[in-house]
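S.K.:
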Amino acid sequence: MILDRCRRPAAVAEVAAGLDLPVSVTKILLADLVGQGLLLARAPLTVARASGGADMGLLAAVRDGLRRL
Amino acid sequence: MTNSQTAPSAVKILIAGGFGVGKTTLVGAVSEVAPLRTEEYLTQASIGVDSLAGVGEKNTTTVALDFGRITVSPELVVYLFGTPGQERFWFMWNDLVNGALGGVVIADTRRLETSFASIDFFESRDIPFVVAINCFHGHNTRSTEEIRAALDLDPHVPLLIGDVRQRPFGRDVLLALVDHLMSLPAAVG
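As given, the protein sequences belong to chains G and F, one line each in that order. So that you can map any letter, position 24 of the first sequence is 99 in the numbering used here, and since no number is skipped, the others follow by simple counting. So that you can map any letter, position 71 of the second sequence is 95 in the numbering used here, and since no number is skipped, the others follow by simple counting.
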């Protein structure tokens, strides 16, 4: 069920909402699947100002996308 | 199986503010999906009042997190997280702010004080944010200057006034945040 939801990249929160499980429980289930090599987890983008902030290309892409809303 | 090379980038924007100021409403106004809700258990051992029992009883409460999604392009997805309004749940934010682009603080002019803590939160963590004054109740008798002074807002922090139920206003708020981010000098690290 989780694997089905993760055929396309998804946020942990989305998976949790889809399964109707708390985020902490979902994380444990996901970690098991990652451990078995069935899922890939990716850390959030590093956009903190301390590490130089988001790059301008990314911000411009977000801005252009929002303008189409 | 996903491949990290082809997976879209995801960015997070946090929507904060006091209880009932319209966080979920804003998320819903701009999200391409109805706001999703997930819950987190908080377990706290409490000291039993009955000393004969001698064991703490477990109390479990849940705290809800509402979020939405905007697919900007096949390569880029923006997630909006409405953060828990109740102050005592703010430790949860530490997980959320990891990797967040920035924040939006929603405030209601009739009770600005309920959004003070959200502003402090972003300021103390050096997370860029904008302030959106929600006027869906139709009462806004205060000027921008009065609101800025009441919130003790830095002059460079953008402040917008509008109705968070309206998608164009939600979009403008998010655009103001992105413009604000682009205007910031890159931290020298």
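The beta carbon of each residue, even a glycine, is placed where N, CA and C say it ideally should be.
#1: Going by DSSP, what residue range makes up the alpha helix (DSSP H) through V90 (chain G)?
#2: Between A200 (chain F) and V129 (chain F), what straight-line distance do the alpha-carbon atoms span, to the nearest angstrom?
#3: Relative to chain G, which residues along the region 32–66 of chain F have a C-beta separation below 8 Å, given in chain order?
#4: Is the number of C-beta pairs between the region 137–144 of chain G and the region 202–209 of chain F that are closer than 8 Å three or more?
#5: Mind checking which residues open and close the alpha helix (DSSP H) that includes V137 (chain G)?
#6: Between the region 117–136 of chain F and the region 165–183 of chain F, do at least 3 Cβ pairs fall closer than 8 Å?
#7: Do we get a CB-CB distance below 8 Å when we pair R80 (chain G) with the residues of chain F?
#8: Can you find a CB in chain F that lies within less than 8 Å of the CB of M76 (chain G)?
#9: Do A124 (chain F) and I37 (chain F) count as a contact pair if the criterion is CB distance below 8 Å?
#10: Closer than 8 Å by beta-carbon distance: list the chain F residues that pair up with A92 (chain G), in chain order.
#11: Could you please give the first and the last residue of the uninterrupted beta strand (DSSP E) stretch that includes S33 (chain F)?
#12: On the premise that L104 (chain G) lies in contact with L78 (chain G), defined as a C-beta separation below 8 Å, what is that separation, rounded to the nearest angstrom?
#13: Let me see if you follow: with CB-CB separation under 8 Å, is V202 (chain F) close to chain G or not?
#14: Measure the alpha-carbon distance for F160 (chain F) versus G92 (chain F) and round it to whole angstroms.
#15: If the criterion is Cβ atoms closer than 8 Å, does the pair V101 (chain F) and R195 (chain F) meet it?
#16: L177 (chain F) and L184 (chain F) - do their beta-carbons sit closer together than 8 Å?
#17: Measuring from the CB of H204 (chain F), is there a heavy atom of the ligand GTP at a distance below 7 Å?
#18: Roughly how many angstroms lie between the CA atoms of L89 (chain F) and L94 (chain G), to the nearest whole one?
#19: Who are the neighbours of G140 (chain G) on chain F, taking C-beta pairs under 9 Å?
#20: Quick one: measure Cβ to Cβ for G127 (chain F) and A40 (chain F), integer angstroms, because I've assumed they're closer than 8 Å.
#21: So what does DSSP say about S139 (chain F), is it helix, strand or coil?
#22: Taking Cβ to Cβ, would you say E147 (chain F) is nearer than 8 Å to P97 (chain G)?
#23: Indicate the three-state DSSP secondary structure (helix, strand or coil) for P209 (chain F) in the structure shown.
#24: At a CB distance below 7 Å, what residues from the region 168–184 of chain F approach chain G? Give them in sequence order.
#25: Kindly give me the distance between the Cβ atoms of L120 (chain F) and F105 (chain F), rounded to whole angstroms, as I take these residues to be in contact under 8 Å.
M.R.: On the basis of the supplied data:
#1: Boundaries of the alpha helix (DSSP H) around V90 (chain G): V87 to L94.
#2: Cα to Cα, the separation comes out at about 12 Å.
#3: P32, S33, A34, V35, K36, V54, L60, R61, T62, E63, E64 and Y65
#4: yes
#5: Per DSSP, V137 (chain G) belongs to the alpha helix (DSSP H) from M131 to R142.
#6: yes
#7: no
#8: No, no contact with chain F.
#9: yes
#10: L60, R61, T62 and F91
#11: S33 to G41
#12: Contact flag wrong, Cβ pair sits at about 11 Å.
#13: With 8 Å as the cut-off, V202 (chain F) counts as an interface residue toward chain G.
#14: 20 Å
#15: No; because the gap between Cβ atoms is not below 8 Å, this pair is not in contact.
#16: No.
#17: You won't find the ligand GTP in this model; it holds no ligand whatsoever.
#18: 14 Å
#19: I94, T95, V96, S97, L100 and V102
#20: Confirmed, Cβ separation roughly 6 Å.
#21: helix
#22: no
#23: coil
#24: If you check each beta-carbon in the region 168–184 of chain F against every beta-carbon of chain G, none falls closer than 7 Å.
#25: Contact flag correct, Cβ pair sits at about 6 Å.
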